[in-house]
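*Asks:* Each residue of the sequence shown is one higher than the last, beginning at 133 in the numbering used here.
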Amino acid sequence: MSKRYVIGNWKMHGSHAMVDAFSRQLDIASATNVVVAVAPPFPYLGACSALPGDCALAGQDCSAHDSGAHTGEVSAHMLAEWGCQWVIVGHSERRTDLAESDELVAAKLNAAIAAGLTPVLCVGESQAERSAGREEHVIRAQLQAALGDLQRAPLLIAYEPIWAIGTGVTASPEQADSMHAIIRRELVDLLGEGDSVPLLYGGSVKAENAGALFKCPQIDGALVGGASLDGVSFSKIVQAAQASLEQ
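What follows is the structure, given as structure tokens:
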């Protein structure tokens, strides 16, 4: 693809001081072909709405409901009204910590699309599933559950092996590229196309390994966790994405 995508997921980290520091550190003006976004905790969406360098906003999650008696939930329409363009759905931490089912992930994805947001669908296997040789089965099942009834709509998919999230362990470029190729083949079966859907890698992405990951032919970008909390390190990842397009 002629673009790269770099989305920072701040998870449950944030403060006004952090947003101020991040804004001062962010240096992405030269990344002309990289779509950049950050997903702060909901209370800091407003504070992040004026980040420099055309840095867009993403939601970390959305409700499957449009409105109603759902205490603590945030609808996709609310995120859109705050200026979000993207929303993460199906992150492994929500699947694991909050027992989100494949059916709920699918409902959230459809709610995001209905609100005009582009969902970033997360899929990934655990260490036990990989050790058992079931990683392909797990990924295909997650994709089929989320996308089986999907009509043509903007979509990003992030492959995040659970064993590499927040552990400091990163899938090798060869492992990541291989899994992205499997995802592309499954998208052809499910959607009739695979090349037009940007695929992101997530799992301990940092400035030191981003360049090698972006060189992989099947990887179009990154969903960045801990390294997105610091504007300097996040900027270096964005710059590595731009450099990969210029090589």
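Beta carbons are placed, not taken as given, at the ideal position from N, Cα and C, and that holds for glycine.
Under a Cβ-count criterion, where at least 16 other Cβ atoms within 10 Å of its own Cβ denotes burial, should Val-168 be classed as buried or exposed?
*Replies:* Along the sequence shown, one-based indexing puts residue 168 at 36. It is buried - the Cβ of Val-168 has at least 16 other Cβ atoms within 10 Å.
*Asks:* Assign Thr-164 to one of three DSSP states: helix, strand, or coil.
*Replies:* In the sequence shown, residue 164 corresponds to position 32, counting from 1. Correct three-state label for Thr-164: coil.
*Asks:* Helix or strand or just coil, what does DSSP make of Thr-228?
*Replies:* Along the sequence shown, one-based indexing puts residue 228 at 96. Note: Thr-228 maps to helix in three-state DSSP.
*Asks:* Just tell me which of Leu-355, Pro-172 and Ser-162 has its CA closest to the CA of Leu-211.
*Replies:* Within the sequence shown, numbered from 1, the residue matching residue 211 stands at position 79. When only C-alpha atoms are compared, the closest one is Pro-172.
*Asks:* Between which residues of its own chain and Ala-382 is the CB-CB distance below 7 Å, once the five residues before and five after are set aside?
*Replies:* Nothing about residue 382 can be read from this structure; the chain reaches only from 133 to 379.
*Asks:* With a Cβ-Cβ cutoff of 9 Å, do Ala-163 and Gly-185 count as a contact?
*Replies:* Stepping through the sequence shown from its first residue, residue 163 is reached at position 31. Stepping through the sequence shown from its first residue, residue 185 is reached at position 53. Yes.
*Asks:* Near Val-301, which residues of its chain fall below 7 Å by C-beta distance, leaving aside the five closest residues on each side in sequence?
*Replies:* Position 169 of the sequence shown, counted from the start, is the residue given in the question as residue 301. Here the set comprises Trp-295 and Ser-336.
*Asks:* Should Tyr-291 be listed as close to the ligand NAD, given that the test is whether its C-beta is under 8 Å from any heavy atom?
*Replies:* In the structure shown, the ligand NAD is absent, as is every other ligand, since no ligand is present at all.
*Asks:* By Cβ distance below 8 Å, which residues in the same chain neighbour Leu-372 in space, the five residues on each side in sequence not counted?
*Replies:* Within the sequence shown, numbered from 1, the residue matching residue 372 stands at position 240. Here residue 372 is Ala; the residue named in the question, Leu, does not match the sequence. Ala-339, Ala-342, Gly-343 and Phe-346.
*Asks:* Could you check which residue in Asp-362, Gly-353 and Arg-266 has the C-alpha nearest to that of Ser-134?
*Replies:* Position 2 of the sequence shown holds residue 134. Cα-wise, what sits closest to Ser-134 is Gly-353.
*Asks:* If we ignore side chains and look at the alpha-carbon of each, how far apart do Val-207 and Gln-217 end up?
*Replies:* Against the sequence shown, residue 207 aligns to sequence position 75. Against the sequence shown, residue 217 aligns to sequence position 85. Here the sequence assigns Ser to residue 207, which means Val is not the residue at that position. Between Ser-207 and Gln-217, the C-alpha separation is close to 13 Å.
*Asks:* Where does Leu-377 fall in DSSP's three states?
*Replies:* Along the sequence shown, one-based indexing puts residue 377 at 245. The answer is helix: DSSP assigns Leu-377 an H, G or I state.
*Asks:* Can you tell me whether Thr-250 is buried or exposed? The criterion is at least 16 other CB atoms within 10 Å of its CB, across all chains shown.
*Replies:* Numbered from its first residue, the sequence shown carries residue 250 at position 118. The residue in question, Thr-250, is buried, as its Cβ has 16 or more Cβ neighbours within 10 Å.
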